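A.B. asks: First residue of the sequence shown? That's 5 in my numbering, and the numbers climb one at a time after it.
Even glycine gets a Cβ: it sits at the ideal position worked out from N, Cα and C.
Treat the numbers as computed from the prediction; the structure is a model and nothing was measured.
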Amino acid sequence: MYNRSRQLFAESVQVLPGGVSSPVRAFGSVGGTPLFVERGEGPYLIDVDSNRYIDYVLSYGPLLMGHAPGVVVEAVQAAARTGTSFGAPTEKETVLARLVMQHMPSLEMIRFVNSGTEACMSAVRLARAFTGRNKIIMCEGHYHGHSDALLKQAGSGVATLGLQSAPGVPASATRDTVVVPFNDAEAIRRALTEHEGEVAAIIMEPVAGNMGVVPPVPGYLPLVRDLTRTHDVLLVFDEVMTGFRVSPGGAQALFDVRPDLTVLGKVIGGGLPIGAYGGRRDIMEMVAPQGPVYQAGTLSGNPLAVSAGCVMLESLRESWALAANAARQVANGINEAADRLRVPVQVTQAGAMFSVFFSPEPVNSYQEAKACSGAYPKIFWALLQRGIYLPPSPFEACFTSSVHGREEVDRTVTAFEAALSV
Ligand code: KE4
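1. Going by CA-CA distance only, name the one from His408, Arg129, Gly305, Leu49 that's closest to Ala328.
2. Listed in chain order, which residues are found with a beta carbon closer than 6 Å to a heavy atom of ligand 1?
3. In whole angstroms, what separates the C-alpha of Ala375 from that of Leu424?
4. Does the beta-carbon distance from Lys139 to Val183 come in below 7 Å?
5. Could you check whether Val360 and Ile338 sit closer than 7 Å to each other, using their CB atoms as the reference points?
6. Going by beta carbon distance, what residues of the same chain come within less than 8 Å of Asn214, once the five residues before and after it are set aside?
7. For Gly269 versus Gly120, is the C-beta spacing smaller than 7 Å?
8. Based on DSSP bridge pairs, tell me the residues matched to Ile4.
9. Anyone know if the C-beta pair for Val250 and Pro226 falls short of 7 Å?
10. Starting from Ile383, follow its DSSP beta bridges and name the residues at the other end.
11. With DSSP run on the structure shown, which of helix, strand or coil describes Arg284?
12. So for Cys314, helix, strand or coil by DSSP?
13. Can you find the residues in the same chain that come closer than 8 Å, C-beta to C-beta, to Val34, ignoring five residues on each side of it along the sequence?
14. Based on the DSSP output, what are the partners of Ile392 in its beta bridges?
15. Can you tell me where the alpha helix (DSSP H) with Asp414 in it begins and where it stops?
16. Closest by CA to Arg137, which one among Ser169, Asp180, Ser176, Val104?
17. Which runs of the beta strand (DSSP E) at least 3 residues long sit entirely within the region 294 to 379? Give them in chain order.
18. Quick test of the definition: if touching needs 3 or more C-beta pairs under 8 Å, does the region 73 to 81 touch the region 277 to 284?
19. Can you give me the C-alpha to C-alpha distance between Asp51 and Val417, rounded to a whole angstrom?
20. Taking all protein chains shown into account, do 16 or more other C-beta atoms lie within 10 angstroms of the C-beta of Leu20, making it buried, or fewer, making it exposed?
21. Alpha carbon to alpha carbon, what distance is there between Ile206 and Val297?
22. Note down the Cα distance separating Glu42 from Glu200, rounded to an integer number of angstroms.
23. Out of curiosity, what's the CA-to-CA distance linking Val217 and Val367?
24. Please look up how many angstroms separate the CB atoms of Ser9 and Phe40, rounded, as I've assumed it's under 8 Å.
25. From the DSSP secondary-structure annotation, give me the bridge partner or partners of Val218.
26. Is Phe90 buried or exposed, if buried means 16 or more other CB atoms sit within 10 Å of its CB?
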């Protein structure tokens with residue numbers, strides 16, 4: 005079943021810490037040997053032992069059109085034939101910027117970088133420079149990449165590994181990071197009052213995806229926006245995951261809340277390395293070389309990633325509608341199966357991403373997500389053995405694509421019904 009993956013893992017652990025290039029891939033949270041991938045095909049992942057799965061990881065979000073969509077492959081091949089990197093501006097960067105702005109008008113200017121981490125880190129530096137203040141408020145269980153200031157009670161792989169501290173991150177780096185529970189506006193009000201005049205920005209995932217998918221409770225985001233305005237603090241939406249996934253215009257369109265800055269990644273690179281931050285012109289004009297806030301990158305605006313991103317966004321509305329429909333059908337099917345089996349689950353779905361919490365009560369925070377994460381490994385393996393590949397951690401989101409069709413949905417729901425019966 006997994007012999008070749010086991011062999012490759014035995015080799016990779018010799019040279020890669022944990023045998024992987026990113027912690028969550030090591031299956032630490034669910035046990036067993038991580039799957040080594042041979043190839044992806046549309047909604048399917050094929051591992052090196054020729055096992056075939058319906059893929060709900062989709063590289064943790066970028067693949068809104070599934071694996072190796074023809075138009076993206078052709079765009080990347082064509083770009084590569086003219087050169088892989090120039091260290092000079094290209095027209096495609098402006099084209100991608102305009103495509104982003106069509107869907108997210110709050111971004112009046114944008115800077116491309118190479119990862120969500122880099123984009124979040126740069127957005128924090130920019131917010132601090134613009135306001136002249138140092139403190140940053142973030143939410144427990146949210147994940148904004150692994151830059152020092154934001155590695156505090158974070159979600160995703162940090163939560164997966166149960167890391168209580170961040171070795172190598174000096175206290176001085178997180179001294180100005182204030183952590184509050186998600187979905188608790190009073191906690192934000194208290195933090196803003198306690199640190200009046202000291203806070204540069206609140207950064208948050210407007211729909212949490214790194215504790216499982218946890219939407220904002222009704223009224224939360226508009227209230228946060230009001231509080232940031234009252235206290236003259238910037239609001240930064242980290243839409244690396246939610247952007248172009250919870251709606252074509254991201255969470256800011258879905259909930260009609262306009263942030264001052266937005267962080268992007270994943271979908272805008274179609275699976276190639278990319279990140280971006282953007283927002284109000286008066287803020288973005290502070291970014292070097294137009295302004296004094298320094299941020300740079302050898303491969304920023306890389307022509308292959310930007311070409312892939314342009315193709316992804318050119319057909320965004322159609323892709324998103326199909327992917328969101330698949331997510332909705334899977335979510336409904338799991339709910340109906342769980343009802344039939346009287347298994348208490350909370351299925352959360354926001355556009356083309358969803359999660360299943362094994363809890364009788366709604367999950368609105370990281371602590372609540374953590375409290376019901378114990379059942380996840382059993383379900384993960386029961387589904388994997390039925391050809392369904394979920395993220396190997398309860399602190400991740402499940403993603404659908406435009407090519408997850410009725411057949412994949414039906415097979416997924418059938419597998420869930422069997423797994424929930426185990
Ligand atoms: P990257 O540096 O991994 O490109 O992006 C960091 C990041 C920032 N903000 C949000 C909301 C994110 O979800 C991420 C990265 N997401 C994780 C998965 N939850 C990346 C997967 C991994 O760490 O291997």
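C.D. replies: Based on what the coordinates show:
1. When only C-alpha atoms are compared, the closest one is His408.
2. In chain order, the residues with a C-beta atom nearer than 6 Å to some heavy atom of ligand 1 are Ser26, Val28, Tyr64, Ser119, Gly120, Thr121, Cys124, Tyr147, His148, Gly149, Ser160, Gly161, Glu209, Gly213, Asn214, Asp242, Val244, Met245, Gly269, Gly279, Glu400.
3. Straight-line Cα distance between these residues: approximately 19 Å.
4. Cβ distance not < 7 Å, so Lys139 and Val183 don't count as in contact.
5. At the C-beta level, Ile338 and Val360 come within 7 Å of one another.
6. These residues qualify, in order along the chain: Gly145, His146, Tyr147, Ala158, Gly159, Ser160, Ala163, Met245, Phe399, Glu400, Ala401.
7. In contact: Gly269 and Gly120 (Cβ atoms closer than 7 Å).
8. Residue 4 lies beyond the range of the chain shown here (5 to 426); nothing can be said about it.
9. For Val250 and Pro226, no; Cβs fall outside 7 Å.
10. Under the DSSP definition of a beta bridge, Ile383 lacks any partner.
11. Correct three-state label for Arg284: coil.
12. Look at Cys314 here: in three-state DSSP terms it is helix.
13. Result list for Val34: Tyr380, Pro381, Phe384, Trp385, Pro396, Ser397, in chain order.
14. DSSP lists Ile58 as partners of Ile392.
15. Run containing Asp414: 410 to 425, per the alpha helix (DSSP H) assignment.
16. Looking at the Cα atoms, Asp180 is the closest of the given residues.
17. Runs of the beta strand (DSSP E) lying entirely within the region 294 to 379 and spanning at least 3 residues, in chain order: 350 to 354, 357 to 361.
18. These segments do not touch.
19. In this structure, the CA atom of Asp51 is about 22 Å from the CA atom of Val417.
20. A residue is called buried when at least 16 other Cβ atoms come within 10 angstroms of its Cβ; Leu20 does not meet this threshold and is exposed.
21. Between the C-alpha atoms of Val297 and Ile206 there is a straight-line separation of about 19 Å.
22. Approximately 53 Å, taken between the alpha carbons.
23. Those two C-alpha atoms are separated by around 9 Å.
24. Contact between Ser9 and Phe40 holds, since their C-beta atoms are separated by about 5 Å, short of 8 Å.
25. The partner list for Val218 (beta bridge, DSSP) reads Ala212.
26. Phe90 comes out exposed.
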